[in-house]
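Numbering (full-length UniProt numbering), first residue to last: 1 to 164.
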């Protein structure tokens, strides 16, 4: 059975004041307008921001190094997929291609999305995860307010492991 996946983009970040941790906000592309919050670590948030804004360090850090290794070995990073949520922990796959062979590498979503942000690869989330863990945003003008209202009332353990 093929699982349905939904393309998302990085909407931005929020901050969990209680845990002093960044929350990555992934927004569904298209009409449905759902947002998936994932609690991540500071380092991963910085890597995602730098990747999205094309701001490399003078020397490669971990995520840039991994991208260099992937490319140096002749692989192409095709996409990343947030695949499931189990006991409060999200799972993801980094999907690589070399020649005509596809490889799926298990990863934390934060690391997978950091790599995708560097190489501009698409990000997908399984429909099951979006259905169980996202917030629906109804009106474009109220998008920021809806996300803030939702995050004030959410329990971080419902969505994933806090990586600090």
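The C-beta atom is built at its ideal place from N, Cα and C for all residues, glycine as well. Since this is a predicted model, take the numbers as computed values, not measurements.
Proximity to residue i [Cα-Cα], best of the options
{"i": "residue 237", "options": "74, 96, 137", "result": "Here the chain comprises residues numbered 1 to 164, so residue 237 is not present and cannot be evaluated."}
{"i": "residue 46", "options": "111, 133, 131", "result": "111"}
{"i": "residue 38", "options": "13, 103, 50", "result": "13"}
{"i": "residue 75", "options": "59, 48, 105, 91", "result": "105"}
{"i": "residue 68", "options": "115, 123, 10", "result": "115"}
{"i": "residue 213", "options": "94, 89, 99", "result": "Look at the range of the chain in this structure, 1 to 164, and you will see that residue 213 is not part of it."}
{"i": "residue 94", "options": "127, 59, 70, 57", "result": "70"}
{"i": "residue 122", "options": "52, 15, 19, 41", "result": "52"}
{"i": "residue 73", "options": "103, 98, 29, 85", "result": "98"}
Between the CA atoms of residue j and residue i - distance to the nearest angstrom
{"i": "residue 32", "j": "residue 5", "result": "13 Å"}
{"i": "residue 164", "j": "residue 24", "result": "Because the pLDDT at residue 164 is just 35, under 50, the model does not fix this residue reliably, and the value given afterwards should be weighed accordingly. Answer to the nearest angstrom: the Cα atoms are 14 Å apart."}
{"i": "residue 66", "j": "residue 131", "result": "31 Å"}
{"i": "residue 49", "j": "residue 100", "result": "32 Å"}
{"i": "residue 20", "j": "residue 44", "result": "14 Å"}
{"i": "residue 133", "j": "residue 36", "result": "6 Å"}
{"i": "residue 57", "j": "residue 117", "result": "15 Å"}
Cβ-Cβ separation, residue j to residue i (assumed contact under 8 Å), whole Å
{"i": "residue 82", "j": "residue 119", "result": "Wrong, their Cβ atoms sit about 17 Å apart, outside the cutoff."}
Paired residues, beta bridge with residue i - DSSP
{"i": "residue 83", "result": "Per DSSP, none; premise fails for residue 83."}
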